[in-house]
Amino acid sequence: MSSLAPALLGTFTLVASMIGLLGFQLAVSGGAPTRLALLPAGSGFVGTLVDVAAVAAALGLPDGAPDVARIGWVVFGEVCAIAAAVGAYCATGGTDPGTGAAYMGRAKRWYTSGGAFTAITTLVGLAAHFLG
Numbered sequence: 032m033s034s035l036a037p038a039l040l041g042t043f044t045l046v047a048s049m050i051g052l053l054g055f056q057l058a059v060s061g062g063a064p065t066r067l068a069l070l071p072a073g074s075g076f077v078g079t080l081v082d083v084a085a086v087a088a089a090l091g092l093p094d095g096a097p098d099v100a101r102i103g104w105v106v107f108g109e110v111c112a113i114a115a116a117v118g119a120y121c122a123t124g125g126t127d128p129g130t131g132a133a134y135m136g137r138a139k140r141w142y143t144s145g146g147a148f149t150a151i152t153t154l155v156g157l158a159a160h161f162l163g
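See below:
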């Protein structure tokens with residue numbers, strides 16, 4: 032694992048950077064000023080790194096290869112995290128009946144669903160660490 036760790040770290044950092052760039056572009060296309068668009072970009076970058084670290088810790092990768100039961104529980108937790116993200120995205124949609132304007136822009140909806148995903152993933156990582 033030690034020879035593979037730098038390659039994985041570089042790959043995950045690249046993916047996190049791309050997600051941060053996507054968050055920046057969504058915020059700018061939603062009408063946010065450039066300086067304020069850096070918040071979703073940074074949050075997307077850090078959230079992706081937190082998610083990867085939480086999953087790695089939940090699987091117990093620093094200690095070696097995980098067993099099948101642990102992989103199953105982590106997959107179940109990630110399916111719950113995806114469901115929470117989809118639920119958050121759908122719950123923040125809709126329009127105001129009086130004005131017809133959307134409650135939240137697309138960037139804020141993605142921002143909220145990313146936060147929900149990261150929160151559940153972090154709980155999965157903590158549960159796996161403490162229940163070990």
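Those letters in the sequence shown? Residues 32 to 163, per the numbering used here, in order. For every residue, glycine included, the Cβ atom is placed at its ideal position computed from N, Cα and C.
Residue i, DSSP secondary structure in three states
| i | result |
| --- | --- |
| residue 44 | helix |
| residue 79 | helix |
| residue 153 | helix |
| residue 87 | helix |
| residue 118 | helix |
Supposed close pair residue i, residue j - CB separation, criterion 8 Å
| i | j | result |
| --- | --- | --- |
| residue 92 | residue 102 | Wrong, their Cβ atoms sit about 11 Å apart, outside the cutoff. |
| residue 53 | residue 75 | 7 Å |
| residue 73 | residue 51 | 7 Å |
| residue 159 | residue 117 | Not confirmed; about 23 Å, so no contact. |
Residue i versus residue j - alpha carbon distance
| i | j | result |
| --- | --- | --- |
| residue 37 | residue 44 | 10 Å |
| residue 114 | residue 161 | 23 Å |
| residue 98 | residue 149 | 24 Å |
| residue 49 | residue 130 | 35 Å |
| residue 67 | residue 110 | 31 Å |
| residue 144 | residue 88 | 22 Å |
| residue 122 | residue 156 | 25 Å |
| residue 154 | residue 147 | 11 Å |
| residue 94 | residue 163 | 12 Å |
| residue 82 | residue 96 | 19 Å |
| residue 59 | residue 100 | 43 Å |
8 Å Cβ cutoff met for residue i and residue j
| i | j | result |
| --- | --- | --- |
| residue 112 | residue 65 | no |
| residue 134 | residue 127 | yes |
| residue 70 | residue 47 | no |
| residue 136 | residue 61 | yes |
| residue 141 | residue 39 | no |
| residue 138 | residue 63 | yes |
Per DSSP, the bridge partner or partners of residue i
| i | result |
| --- | --- |
| residue 126 | 133 |
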